[in-house]
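First to last, the sequence lines map onto chains E and X. Oh and the first sequence: position 318 is 318 in our numbering, straight run, nothing missing. Oh and the second sequence: position 64 is 1064 in our numbering, straight run, nothing missing.
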Amino acid sequence: MTDATQSGPMLAADGTPLKKSLARSLRRRKVRALALIAPLLLFVLLSFVIPIVSMLFRSVENGIVSETLPLTVVELRNWDADSGELPDEALYAAFVKDMIAAVEAKEHTRLGTRLNYEETGMSSMFRKSGRNIKRLDPEADAPFKEKLIDIHEGWGEVETWRTIKTHAVPITNGYFLNAIDMRRTPEGPRAQPEDKQILVKLFGRTLFMSLIITGACILLAYPVSYLLATLPMRVSNLLMILVLLPFWTSLLVRTSAWKVMLQQQGVINETLVWLGFVADDARLVIINNQFGTIIAMTHILLPFMILPMYSVMQTIPPSYTRAAKSMGATNWTTFWRIYFPQSIPGIGAGSILVFILAIGYYITPEIVGGTKGVFISNRIAYHISSSLNWGLAAALGTILLAVVLLLYWCYDKIVGIDNVKLG
Amino acid sequence: MKVTKSTLLASAVAAIAGSAMAEEMTLVSWGGAYQASQTKAYAEPFMEMNPGLTIVWDESSPEAVAKLRAMNEAGNITWDLVDVVAADAIRLCDEGLAMEYDPDELLAAAPDGTPASEDFGDLLVSDCFIPQIVYSTTAAYRPDLLPDGAPAPDSICAMFDMETYPGKRTLEKRPINNMEWALICDGVAKDDVYDVLATEEGQQRALDKLGTIKDQVVWWGAAAEPPQLLADGEVVMGTSYNGRWFSAIEEQDQPFEMLWDAQVFDLDGWIIPAGLSEERLARVKEFVKFATDTQRLADQAKFISYGPARASSAPLVGQHAELGIDMAPHMPTDPNNAKNTFLYNYEFWADYRDDIDAKFQAWLAQ
């Protein structure tokens, strides 16, 4: 009896094997836990993850050409773009059929807008041709080649058809190429003309200036956080309010306030002129350039550096520094060897926060940045709301996101993300 | 207990029915003095004529194109009527986001019977666009900040004349208008401007001309900035919309002078979003017919110095509602102001906007 029990699997009270029974109860607990967070998970998924992913997907999505001109796209496959000769009549006939359907659905102008990003003039060509092509009959009016060229001479240019063929793919790398100052051509990726190259420069500037802003924040925030953490409660509370007050003030108000301070007839320049440090006709230019952006953004992002630093410094026991001093360390050694290393996690957390926030800023640079102090986000905003080139905006956004993730990964490798503490 | 329950139920039903009866119409506009002029000239009178109807304003016109596109993709249009500039109306029409309409059917005829299509005339620049006003982008300057003895500027080219008129200027941070002015001041005839600007050399020529003043220009993004910059003495001259200058000069007594030379006319008006339900569409149509009739457009000019888009409204333009000054001399269309005007070429910019803007921004960043 005893032997038999020991040789078989261990059983639970209800006779099932213990292993199975344990696994089941564990699974049940997991399901319950999942059910508890399900509403939140769903919310995050529906309102955050899916919209972002679908927006990012636009950076490669390019179905519009093949959906609007399905027959033409098929015909274009038979046409050699490098031949230097116009496509044959079959393609023109297919194009007319496609266009009649597209005009009916009012989609031809949308396609024109899309292609105009690649080849200037396409927008009005599609708009103007739409009306006339609608009047054609796909059967009776053939042949179409001459008629189309009569309607708009652009249809008689090889370049037009090359552009359509190049961008007829449903998934394109064109937007990403545009985002790094290149373009998709029939011969493969090529650099944009020099006078249109700006985006790579803006990426570089965004990263560089965000680093400077983060550095400036560290320098300014460190002493303030130290005071906050070490001063007696009554004084430090007052100081804390001074830190938080601007934090609660509207971003626009703070940015505009900097405008009043920094402009050439502004408070700082007026004071300097009054004190005689600066001649009246040589006032400092400290706004509408990179300097203005750095000052205003450092001020705006400072609380994001102070708060994590403060909460870390608060946990550093004062007895350590006392112990160091009692053993004969100078003030500097105590700070540099004992206090500073323990405050590094706060610097790390603050830097990540400030850097990532800075990289995506656009209102402040727009207002105080002039022409040299604007960021890549200003271009993203422009393409989202003005030029409506959402594909390019999405590509720029994806690159920005990838850069942030890459930097985060580097940071994790070098400093270690476990060393970051928000409190 | 039963009584309370049924009373509750009844009042709940009444509340639901009531909210369904109180109709709402969402109009999108620019906020500020312009939206106020629309409210006073036709939104309030229309609400008085239609008790039970509430007009809700949404100040989203600056980003209307992007928002409408997003609404359209989400399949939920919450706007009934959107105020946009003509260039945006053309784009919305191209995108299929705005409704095409027949002017003579939708809009009221002039009092003398002239059909709307003739009364609005050339201003019907797109099949979707319902014009309201003519405004202009034009220059103004501070006489007291100009050097002693300098003649009062009488040409837009004063903007490029650093010797006679030293000091900073402010221009809009986009190529439109600036490129045209640069070419005109570089000796291109007005009629040839867009032909020249369509070529690579012409674009470079315009940028080179702008380059002669580049380091003296403060670039503005919002039209409220230039009057502020001029009032602060940050710049000695600049460009903005004529209504902004009017408000600074007449309503806020700023010592600015207008420089109407080569002002660029532009249009602003309504578009009806595509895909409205029939019930909403019927209501919007009724409002549009009222809000764009001859008298209403003339009324709007009492509150803001923008010219009515109807030819028949011009003679009815009266005095400013609060200041009591004659509005006609402040209209961009007044013969004294319109001696030398420039017409904004919508078609050109619809085509060249992406291309030239990329070049312009790259040039700015250099």
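Just so you know, even glycine gets a beta-carbon here, dropped at the ideal spot from N, CA and C.
Any chain X beta carbon closer than 8 Å to residue i
i        : result
E/ASN116 : yes
E/ARG234 : no
E/ASP412 : no
E/GLU159 : no
E/GLU270 : no
E/GLN264 : yes
E/ARG127 : yes
E/ASP195 : yes
E/GLY370 : yes
8 Å CB neighbourhood of residue i in its chain, flanking five on each side removed
i         : result
E/ASN173  : VAL60, ARG184 and PRO189
E/ASP98   : THR68, LEU69, PRO70, LEU71 and THR72
E/PRO345  : VAL312, ASN419, VAL420 and LYS421
X/CYS1093 : GLU1100, SER1126, ASP1127, CYS1128, PHE1129 and ILE1271
Host beta strand (DSSP E) of residue i (start-end)
i         : result
E/GLY112  : Here E/GLY112 belongs to no beta strand (DSSP E); instead the alpha helix (DSSP H) covers 108-116.
X/TRP1220 : 1217-1220
X/SER1136 : 1130-1141
X/GLN1263 : 1257-1271
X/TRP1057 : 1053-1058
E/ARG162  : Looking at the DSSP string, E/ARG162 is not in any beta strand (DSSP E); the run it does join, the alpha helix (DSSP H), is 158-166.
E/PRO189  : 188-191
X/GLU1024 : 1023-1028
Span of the alpha helix (DSSP H), counted from its first residue to its last, around residue i
i         : result
X/GLN1038 : 1032-1038
E/ILE213  : 199-230
X/PHE1246 : 1242-1246
X/LEU1171 : Careful: X/LEU1171 lies outside any alpha helix (DSSP H), inside the beta strand (DSSP E) at 1169-1172.
X/THR1341 : Counting along the chain, X/THR1341 falls outside any alpha helix (DSSP H), though it belongs to the beta strand (DSSP E) covering 1341-1343.
X/GLY1083 : The sequence given here places Asp at residue 1083 of chain X; Gly does not occur at that position. First-last for X/ASP1083: 1081-1085, but that is the beta strand (DSSP E), not the alpha helix (DSSP H).
E/THR398  : 390-414
E/ILE10   : The sequence shown places Met at residue 10 of chain E, rather than the Ile named in the question. Where E/MET10 is concerned, there is no enclosing alpha helix (DSSP H), given that its DSSP letter is neither H nor E.
E/ARG183  : Taken as a continuous stretch (DSSP letters only), E/ARG183 belongs to no alpha helix (DSSP H), being part of the beta strand (DSSP E) at 182-185.
Euclidean distance between Cα positions of residue i and residue j
i         : j         : result
E/VAL96   : E/TRP161  : 14 Å
X/ARG1353 : X/GLY1269 : 21 Å
X/PRO1308 : E/ASN389  : 33 Å
X/PRO1147 : X/PRO1255 : 16 Å
X/PHE1360 : E/PRO318  : 58 Å
E/LEU36   : E/LYS30   : 10 Å
E/VAL368  : E/LEU357  : 17 Å
X/ALA1086 : X/SER1126 : 8 Å
X/LYS1285 : E/SER250  : 40 Å
X/ALA1362 : E/LEU111  : 26 Å
X/GLY1075 : X/ARG1069 : 10 Å
E/LEU414  : E/ALA324  : Just to set this straight, residue 414 of chain E is Ile in the shown sequence, not Leu. Going from the Cα of E/ILE414 to the Cα of E/ALA324 covers about 28 Å.
E/LEU307  : E/TRP274  : 37 Å
Below-8 Å beta-carbon distance, residue i vs any chain E residue
i         : result
X/TRP1219 : yes
X/LYS1209 : no
X/VAL1028 : no
X/GLU959  : Nothing in the structure corresponds to residue 959 of chain X, since chain X is present only between 1001 and 1366.
X/GLY1233 : yes
X/VAL1065 : yes
X/TYR1344 : no
X/GLU1163 : no
Other residues of its chain near residue i: CB distance less than 7 Å, five sequence neighbours each side excluded
i         : result
X/ILE1304 : ALA1033, TYR1034, SER1037 and GLY1243
X/CYS1185 : ILE1156, CYS1157, PHE1160 and LYS1209
E/ARG58   : TRP390, GLY391 and ALA394
X/HIS1320 : LYS1302 and MET1327
Integer Cβ distance of residue i from residue j, believed to fall under 8 Å
i         : j         : result
X/ALA1066 : E/SER385  : 4 Å
X/ILE1271 : X/ILE1176 : Not confirmed; about 20 Å, so no contact.
E/GLY350  : E/MET297  : Contact doesn't hold; Cβ gap of about 14 Å is too wide.
X/ALA1083 : X/THR1026 : For the sequence presented, residue 1083 of chain X should be read as Asp rather than Ala. X/ASP1083 to X/THR1026, Cβ: 12 Å. No contact.
X/TYR1194 : X/ASN1345 : 5 Å
X/TYR1165 : X/ALA1150 : 6 Å
Beta-carbon contacts of residue i that lie in its chain and below 6 Å, excluding the five residues immediately before and after
i         : result
E/MET55   : ALA394
X/THR1170 : VAL1218, TRP1220, PRO1226, LEU1229, VAL1235 and GLY1238
E/ILE151  : SER129 and ASN132
E/GLU89   : PRO143 and LYS145
E/TYR117  : ASN389
E/TYR320  : ILE338
E/SER66   : VAL73, ALA168 and PRO170
X/ALA1077 : The amino acid at residue 1077 of chain X is misidentified as Ala; the sequence shows Ile. Closer than 6 Å at Cβ, skipping near neighbours: MET1071, PRO1273 and GLY1275.
Residue i Cβ short of 7 Å to the ligand NAD heavy atom set
i        : result
E/PRO365 : Of the ligands one can find in the structure shown there are none, so the ligand NAD has no counterpart to examine.
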